[in-house]
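Going by our numbering, the first residue of the sequence shown is number 11, and it counts up by one from there. Inspection log for the structure reproduced underneath, given as structure tokens.
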Amino acid sequence: MGIMKKFFSQTKKPEGFLGKMMVNGMNGASHSALADWGFGFIKKEKAARSLDCGCGGGANVKRLLERSEKACGIDYSEVSVQKSRQTNAGAIRGGRCEIRHADVCSLPFENDSFDIVTAFETVYFWQNIDKAFSEIYRVLKSEGVFAITNESTGTDKTSVKFSQIIDGMNLYTGEKLKALLENAGFTDVEIHSHPDKPWLNVTAKKL
Ligand SMILES: C[S@@+](CC[C@H](N)C(=O)[O-])C[C@H]1O[C@@H](n2cnc3c(N)ncnc32)[C@H](O)[C@@H]1O
Numbered sequence: 011m012g013i014m015k016k017f018f019s020q021t022k023k024p025e026g027f028l029g030k031m032m033v034n035g036m037n038g039a040s041h042s043a044l045a046d047w048g049f050g051f052i053k054k055e056k057a058a059r060s061l062d063c064g065c066g067g068g069a070n071v072k073r074l075l076e077r078s079e080k081a082c083g084i085d086y087s088e089v090s091v092q093k094s095r096q097t098n099a100g101a102i103r104g105g106r107c108e109i110r111h112a113d114v115c116s117l118p119f120e121n122d123s124f125d126i127v128t129a130f131e132t133v134y135f136w137q138n139i140d141k142a143f144s145e146i147y148r149v150l151k152s153e154g155v156f157a158i159t160n161e162s163t164g165t166d167k168t169s170v171k172f173s174q175i176i177d178g179m180n181l182y183t184g185e186k187l188k189a190l191l192e193n194a195g196f197t198d199v200e201i202h203s204h205p206d207k208p209w210l211n212v213t214a215k216k217l
């Protein structure tokens, strides 16, 4: 495998040295601007419990803690779990945060546990997105919100290029995500696009 392919494939499941570098980058400025934009569409200002799926370096778990009494993160990469725990060490010590090693297709939480669930830059890699969405629906409370934020509209040139380099990366348009979300039981699906950038945010509710 070429070095570029090896490096970019780390976005799917960070592992080893390259994975550590990638996860440090995930907590950096480019993801941060996207996250600020995506968080702007979550109308719930205060939550008891929130969850970030595919939490990477844990920067968005930290953001969730600003509006939640307790925030959890899950990731199926050990490297991401370690970095997320480091990023949120204070809140973990204080009992307000928990980072679990888990696949989004099998969430280690009870039904109706969370007010907000987020997924930033990660749904492309979920190999069984139907199962993942039904798991998120299951763990959300009634009136809970699920927010997806992607640095890709599903058709922009850069992401199409990445999807050709990274095996198993699937791109989604807002309409495609809406159909998948409704199929999993979600309602009030809203699609938001950025005026200048190929960014996409989709929010959905569990009634
Ligand atoms: C590009 S990173 C994004 C990380 C973080 N959400 C951010 O915006 O900085 C994608 C993350 O999703 C995780 N991931 C991908 N598929 C997953 C799955 N099925 N279950 C749990 N985590 C997953 C990867 O391990 C990786 O940490």
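Even for Gly, the Cβ is constructed at its ideal location relative to N, Cα and C. Because the structure is a prediction, the values reported are computed rather than measured.
Query                                                                                                                             : Result
Contacts around Val113, its chain only, beta-carbon distance under 7 Å, and the 5 residues preceding and following it disregarded : Note that residue 113 corresponds to Asp in the displayed sequence, not to Val. Excluding positions up to five away in sequence, the list reads Tyr86.
For Phe130, the three-state DSSP class (helix, strand or coil)                                                                    : strand
Ile175 vs Phe18 beta-carbon contact at 8 Å                                                                                        : yes
Top-ranked residue by Cα proximity to Lys186, from Asp177, Gly195 and Ile201                                                      : Ile201
Beta-bridge pairing of Ser203 - partner residues as DSSP gives them                                                               : Leu210
8 Å Cβ cutoff met for Ser60 and Ile126                                                                                            : yes
DSSP-derived helix/strand/coil call for Gly198                                                                                    : Rather than Gly, the amino acid found at residue 198 in this sequence is Asp. Of the three classes helix, strand and coil, the one that applies to Asp198 here is strand, per DSSP.
Cα-Cα separation, Ala189 to Thr21                                                                                                 : 25 Å
Nearest candidate by alpha-carbon position, reference His111, set Lys207, Gly64, Leu217 and Thr183                                : Gly64
Segment contact flag, the stretch 140-155 with the stretch 117-125, C-beta cutoff 8 Å, min 3 pairs                                : yes
Ser162 and Pro208 closer than 8 Å at C-beta                                                                                       : yes
Residue range of the beta strand (DSSP E) that includes Asp46                                                                     : No beta strand (DSSP E) holds Asp46; the alpha helix (DSSP H) holding it covers Ala39 to Phe49.
Length at least 3, wholly inside the stretch 137-190: the beta strand (DSSP E) runs in chain order                                : 150-160
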